[in-house]
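In order, the protein sequences belong to chains C and P. Start counting the first sequence at 368; every next residue gets the next number (my numbering). Start counting the second sequence at 67; every next residue gets the next number (my numbering). Even for Gly, the Cβ is constructed at its ideal location relative to N, Cα and C. Predicted model only: the values in this text are computed from it and were never measured. Scroll down for the structure; my scribbles are underneath it.
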Amino acid sequence: MQRVKVLVVGAGVVGLSTAVCVAGKLPHCSVTVVAEKFSPDTTSDGAAGILLATEFPDIPLERQRRWFKESFDHLLAIADSPQAGDAGVYLSSGYHVFKDVPSKKKPYWADLVFGFRYMTDHEMKRFPNHKFGQAFTTLKCECPSYLPWLEKRFRVAGGQILHEKVTDLHKMALNYDAIMNCSGVGSRFLVNDEEVYPVRGQMLTVNAPWLMNFIRDGDGKTYIYPGVRYVNIGGTRQEGDWRMEVDKEDSEGILERCIRLEPSLRAAQVMEEWVGLRPGRANLRVEREYLSVQGRQVPLVHNYGHGGVGVTLSWGTALDALDLLRQSLCEKPPQARL
Amino acid sequence: MALFHCMIRIGSARYGSARFAFPLRDMKVCIIGAGVIGLSTAQSIYQHFHGRVTPLTIEVYADVFTPLTTSDGAAGLWQPYLYDKGNVQETKWNKETFDYLQSFLSSPDSVKMGIFLQSGYELCTETLPDPSYKDAVLGFRQLTKRELDMFPGYSYGWFNTTIMIEGKTYLPWLMDWLKQRNVKFHQRKIGSFKELADSGADVIINCSGVRSGDLQPDPELKPGRGQIIKVDAPWIKHWICTHDFSSGGNMSYIIPGSRLVTVGGVFQVGNWNLQNSSVDHKRIWEDACKLDPSLQHARIVEDWTGLRPVRSKVRLETETMRSGPRAFEVIHNYGHGGFGLTIHRGCAEEAARLFGQILEQKGLLAHSKSRL
Numbered sequence: 368m369q370r371v372k373v374l375v376v377g378a379g380v381v382g383l384s385t386a387v388c389v390a391g392k393l394p395h396c397s398v399t400v401v402a403e404k405f406s407p408d409t410t411s412d413g414a415a416g417i418l419l420a421t422e423f424p425d426i427p428l429e430r431q432r433r434w435f436k437e438s439f440d441h442l443l444a445i446a447d448s449p450q451a452g453d454a455g456v457y458l459s460s461g462y463h464v465f466k467d468v469p470s471k472k473k474p475y476w477a478d479l480v481f482g483f484r485y486m487t488d489h490e491m492k493r494f495p496n497h498k499f500g501q502a503f504t505t506l507k508c509e510c511p512s513y514l515p516w517l518e519k520r521f522r523v524a525g526g527q528i529l530h531e532k533v534t535d536l537h538k539m540a541l542n543y544d545a546i547m548n549c550s551g552v553g554s555r556f557l558v559n560d561e562e563v564y565p566v567r568g569q570m571l572t573v574n575a576p577w578l579m580n581f582i583r584d585g586d587g588k589t590y591i592y593p594g595v596r597y598v599n600i601g602g603t604r605q606e607g608d609w610r611m612e613v614d615k616e617d618s619e620g621i622l623e624r625c626i627r628l629e630p631s632l633r634a635a636q637v638m639e640e641w642v643g644l645r646p647g648r649a650n651l652r653v654e655r656e657y658l659s660v661q662g663r664q665v666p667l668v669h670n671y672g673h674g675g676v677g678v679t680l681s682w683g684t685a686l687d688a689l690d691l692l693r694q695s696l697c698e699k700p701p702q703a704r705l
Numbered sequence: 067m068a069l070f071h072c073m074i075r076i077g078s079a080r081y082g083s084a085r086f087a088f089p090l091r092d093m094k095v096c097i098i099g100a101g102v103i104g105l106s107t108a109q110s111i112y113q114h115f116h117g118r119v120t121p122l123t124i125e126v127y128a129d130v131f132t133p134l135t136t137s138d139g140a141a142g143l144w145q146p147y148l149y150d151k152g153n154v155q156e157t158k159w160n161k162e163t164f165d166y167l168q169s170f171l172s173s174p175d176s177v178k179m180g181i182f183l184q185s186g187y188e189l190c191t192e193t194l195p196d197p198s199y200k201d202a203v204l205g206f207r208q209l210t211k212r213e214l215d216m217f218p219g220y221s222y223g224w225f226n227t228t229i230m231i232e233g234k235t236y237l238p239w240l241m242d243w244l245k246q247r248n249v250k251f252h253q254r255k256i257g258s259f260k261e262l263a264d265s266g267a268d269v270i271i272n273c274s275g276v277r278s279g280d281l282q283p284d285p286e287l288k289p290g291r292g293q294i295i296k297v298d299a300p301w302i303k304h305w306i307c308t309h310d311f312s313s314g315g316n317m318s319y320i321i322p323g324s325r326l327v328t329v330g331g332v333f334q335v336g337n338w339n340l341q342n343s344s345v346d347h348k349r350i351w352e353d354a355c356k357l358d359p360s361l362q363h364a365r366i367v368e369d370w371t372g373l374r375p376v377r378s379k380v381r382l383e384t385e386t387m388r389s390g391p392r393a394f395e396v397i398h399n400y401g402h403g404g405f406g407l408t409i410h411r412g413c414a415e416e417a418a419r420l421f422g423q424i425l426e427q428k429g430l431l432a433h434s435k436s437r438l
């Protein structure tokens with residue numbers, strides 16, 4: 368039986384997760400990942416990778432919960448295995464503090480993480496500028512380790528890697544039976560999706576090995592996420608901002624805000640500054656369309672627009688994308704090339 | 067000799083007491099032991115009495131200093147034993163220490179002191195009453211079933227956030243603090259209290275830990291041998307402590323530090339052997355890998371063995387001794403078992419209080435001019 372050739376565009380956490388899903392669960396597919404950037408140069412590499420999520424307004428909450436749960440369970444199994452160190456996946460506990468009490472005190476994923484509760488008065492004493500807090504244990508998934516780990520699994524499953532910037536999907540579709548578009552913020556140009564916009568994020572990596580718990584301000588703009596070797600502190604959320612250069616004022620602002628939350632950071636040495644563009648979109652897009660290519664209908668499965676929740680929803684959305692691919696391959700078997 | 071000394075003092079308005087039985091050149095306090103107990107006691111005495119007793123000389127005598135003391139090898143987790151068995155004093159001293167350390171967490175010194183917060187799991191093989199320290203630590207709660215599912219073999223437990231005090235950083239910080247205030251250090255093994263008294267000590271504070279029996283036999287003091295493995299596993303961010311009363315005290319734990327992860331443990335009462343045992347290493351390692359499978363790919367850095375100064379309760383009391391015609395005071399502050407770092411400040415403050423009582427009795431505190 369002829370192998371079905373699947374092309375995955377994008378090698379960030381969504382692209383590689385999707386590729387691993389397909390290669391692992393559809394053995395009759397031969398999968399190729401094509402991307403301009405690979406780890407450590409993807410947007411995912413700068414993501415703190417803490418599993419928590421904001422809500423998409425128009426996607427049924429049950430579907431978002433399922434994405435979260437599937438991603439969490441998948442990563443938890445890695446964290447609880449000898450692979451944890453290699454994959455950079457582990458449990459992380461901490462505080463989510465709010466200057467004003469949020470309208471929704473319990474997010475949809477409260478029961479999906481561990482030990483979700485409100486912070487005690489004793490715990491809130493540390494944060495005099497904040498009125499309310501949540502405490503929980505979730506997972507941290509560090510892409511500079513996780514992406515190479517995924518790539519290894521992908522290759523072991525027979526996957527191929529191509530280093531190339533894709534600008535024309537029709538052209539790629541000439542040689543493939545199905546395409547999965549995981550191009551993140553690049554989808555704005557690749558598929559002309561004007562709903563995609565960058566949400567610029569700047570982040571600092573600091574040396575503060577005494578920090579074990581995360582602290583995130585509910586506004587999403589200030590966070591301290593202890594990583595394996597260094598601590599990621601941030602950040603910014605600049606919508607429509609395409610600048611990839613480090614902004615010194617942003618760095619100063621980040622340090623100032625983070626030191627206010629965690630004074631011991633005064634003693635921390637800054638190791639690196641980093642900028643990434645979150646693939647913003649009102650709603651994440653996981654859906655299928657078809658490309659007409661020389662009389663063939665080539666399924667094009669989209670899986671992009673994850674904003675700041677790429678790592679958090681990576682596995683769950685990859686599974687959905689896989690389902691859409693499966694459906695397409697069942698409904699319309701690939702035609703022989705003319 | 068005594069007459070000569072008291073003649074120096076005649077006419078001094080300060081010392082009205084008729085008790086000229088000991089030299090009053092100055093108030094010399096000699097502390098035996100430079101682990102966390104010895105150093106913190108020196109600190110408390112300085113803080114309370116510097117300026118109130120002049121001159122006040124504080125000296126520390128020890129044969130081992132940081133990083134070779136028992137305190138240096140401990141992982142540094144603030145955690146008392148589960149239940150105080152009626153030792154409410156100890157629960158009070160533990161909490162005092164926690165609150166004291168917590169007050170420094172936001173200060174610029176916290177990193178230099180080696181203190182920081184860390185959360186973790188306490189795992190039990192049966193339902194147990196809440197521990198004595200549940201209100202001292204932060205966010206104490208029971209573990210949910212989903213959390214317990216991560217730890218096969220354990221059916222109950224707690225989660226909380228506590229303070230880490232890393233001896234290898236805290237002790238040097240204490241020594242610097244003391245040196246800046248002219249506390250002198252002497253590397254010397256003290257053979258007897260008399261030896262120090264004869265060389266001029268007015269008050270001796272015995273913080274000699276597990277070897278206190280060398281200075282004064284104490285059948286209640288025994289070594290509680292512990293062995294640990296230090297591992298490079300920086301992705302582990304929670305401590306895990308197990309409480310299994312059927313294990314004879316040898317309870318597995320994993321405690322991440324700022325550099326390495328400390329894996330233990332054994333608790334062998336009566337065992338003085340300071341050598342690392344490969345049998346213990348194997349058991350410790352296997353148990354820990356069951357607790358956290360991610361350790362299997364971690365790099366082992368080194369083993370270490372220490373002797374906890376185990377005693378039914380902490381000995382913190384004053385004893386008057388004699389050397390010939392001279393009487394001198396010894397304040398004992400030893401027997402802190404596996405909770406020295408946990409309790410150190412509370413005990414240091416209590417030792418300082420006992421010292422204050424001695425000064426009062428001798429009319430040496432500035433406010434006791436009325437004794438003339």
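Just to confirm before moving on: does the CB-CB distance between residue 410/P and residue 102/P stay below 8 Å? It is a contact, given that the beta carbons lie within the stated cut-off.
By the three-class DSSP mapping on this structure, what secondary structure does residue 647/C have? Residue state, collapsed to three classes: strand.
Proximity to residue 594/C [Cα-Cα], best of 602/C, 586/C, 603/C and 580/C: Among 602/C, 586/C, 603/C and 580/C, the Cα nearest to that of residue 594/C is on 580/C.
Any beta carbon from chain P within less than 8 Å of residue 457/C's own beta carbon? Taking Cβ atoms only, chain P reaches closer than 8 Å to residue 457/C, which makes this a yes.
Are the CB atoms of residue 336/P and residue 285/P nearer to each other than 8 Å? No, the Cβ-Cβ distance between residue 336/P and residue 285/P is not below 8 Å.
Between which two residues does the alpha helix (DSSP H) carrying residue 194/P extend? DSSP places residue 194/P outside any alpha helix (DSSP H), giving it a letter other than H or E.
Near residue 685/C, which residues of its chain fall below 6 Å by C-beta distance, leaving aside the five closest residues on each side in sequence? A distance below 6 Å between beta-carbons, with the five flanking residues on each side excluded, links residue 685/C to the following residues of its chain, in chain order: 384, 385 and 388.
Does DSSP put residue 613/C in a helix, a strand or coil? The answer is coil: DSSP assigns residue 613/C none of H, G, I, E or B.
Rounded to whole angstroms, what's the CA-CA distance from residue 395/P to residue 312/P? Just pull it up for me. About 43 Å.
Within-8 Å CB hit, residue 213/P to chain C: Yes, residue 213/P counts as interfacial toward chain C.
Beta-carbon neighbours of residue 216/P, restricted to chain C and to distances below 7 Å: By Cβ distance, chain C contributes 447.
By a C-beta neighbour count over all protein chains shown, 10 Å radius and 16 as the cutoff for buried, is residue 376/P buried or exposed? Buried: at least 16 other Cβ atoms inside 10 Å.
Sub-8 Å separation of residue 425/C and residue 512/C beta-carbons: For residue 425/C and residue 512/C, no; Cβs fall outside 8 Å.
In the DSSP assignment, the alpha helix (DSSP H) including residue 238/P goes from what residue to what residue? Note, residue 238/P: alpha helix (DSSP H), 233 to 246.
Exposed or buried, what is residue 334/P when buried is set at 16 or more other beta-carbons lying within 10 Å of its beta-carbon? Residue burial annotation: residue 334/P is buried, with at least 16 other C-beta atoms found within 10 angstroms of its C-beta.
Simplified DSSP assignment, three categories, for residue 354/P: Reduced to three states, the DSSP call for residue 354/P is helix.
With 7 Å as the C-beta to C-beta threshold (strictly closer), list the residues of the region 158 to 183 of chain P near chain C in chain order. Taking 7 Å as the Cβ-Cβ cut-off against chain C, the residues of the region 158 to 183 of chain P that qualify are 172, 174, 176, 177, 182 and 183.
Any 3 or more C-beta pairs closer than 8 Å across the region 182 to 194 of chain P and the region 302 to 320 of chain P: The region 182 to 194 of chain P is in contact with the region 302 to 320 of chain P.
I think residue 596/C touches residue 644/C, with their Cβ atoms under 8 Å apart; what is that distance to the nearest whole Å? The C-beta separation of residue 596/C from residue 644/C comes to about 25 Å, leaving the pair out of contact by the 8 Å criterion.
From 401/P, 316/P and 351/P, residue whose alpha carbon lies closest to that of residue 278/P: Taking only the C-alpha atoms, the option nearest residue 278/P is 401/P.
Alpha carbon to alpha carbon, how far is residue 563/C from residue 646/C? Give it in angstroms, no decimals. The C-alpha of residue 646/C lies about 7 Å from the C-alpha of residue 563/C.
Contacts that residue 595/C makes with chain P (C-beta to C-beta distance below 8 Å): Ordered by position in chain P, the residues that pass the 8 Å Cβ test against residue 595/C are 300 and 301.
Residue 648/C burial status per 10 Å Cβ neighbour count (16 or more: buried): Residue environment for residue 648/C: buried (at least 16 other C-beta atoms within 10 angstroms of its C-beta).
Given this structure, state the Cα-to-Cα distance separating residue 150/P from residue 202/P, to the nearest angstrom. Residue 202/P has its alpha-carbon roughly 14 Å from the corresponding atom of residue 150/P.
Cβ neighbours of residue 369/C in the same chain (closer than 7 Å, five flanking residues each side left out): For residue 369/C, where only same-chain residues beyond five positions count, there are no Cβ hits under 7 Å.
Inter-stretch contact (C-beta, 8 Å, three-pair minimum) for the region 139 to 149 of chain P and the region 260 to 273 of chain P: Output reads no: the region 260 to 273 of chain P does not touch the region 139 to 149 of chain P.
Suppose the cutoff is 6 Å on Cβ atoms and the five residues either side in sequence are ignored; what does the same chain contact list for residue 598/C look like? Closer than 6 Å at Cβ, skipping near neighbours: 573, 575 and 578.
Within the region 153 to 212 of chain P, ranges of the alpha helix (DSSP H) (whole runs, at least 4 residues): Secondary structure in the region 153 to 212 of chain P: the alpha helix (DSSP H) runs of 4 residues or longer, each lying completely within the stretch, are 154 to 168 and 176 to 179 in chain order.
On the DSSP bridge assignment, give the partners of residue 503/C in chain order. Per DSSP, the beta bridge partners of residue 503/C are 461/C.
Who are the near neighbours of residue 365/P in its chain, counting only those whose CB is closer than 6 Å to its CB and skipping five residues on each side? Within the same chain, residue 365/P has close Cβ partners 298.
Is it buried or exposed for residue 523/C, if we count other Cβ within 10 angstroms and need 16 for buried? Residue 523/C should be labelled exposed.
Using the Cα positions of residue 74/P and residue 155/P, report the straight-line distance between them to the nearest angstrom. With a pLDDT of only 41 at residue 74/P, under 50, the local geometry of the prediction cannot be trusted, and no value is derived from it.
Using the Cα positions of residue 555/C and residue 583/C, report the straight-line distance between them to the nearest angstrom. Between residue 555/C and residue 583/C, the alpha-carbon positions lie close to 29 Å from each other.
Taking only beta carbons into account, state which residues of the region 479 to 493 of chain C come closer than 8 Å to chain P, listed in chain order. Considering only beta carbons, the part of the region 479 to 493 of chain C lying closer than 8 Å to chain P consists of 481, 482, 484, 486, 487, 489, 490 and 493, in chain order.
Counting only Cβ pairs nearer than 9 Å, list the residues of chain C close to residue 427/P. Here the premise fails: no neighbours, minimum Cβ distance about 40 Å.
Excluding sequence positions up to five away, which residues of its chain have a Cβ less than 7 Å from the Cβ of residue 274/P? Answer for residue 274/P: 98, 99, 281 and 400, listed in chain order.
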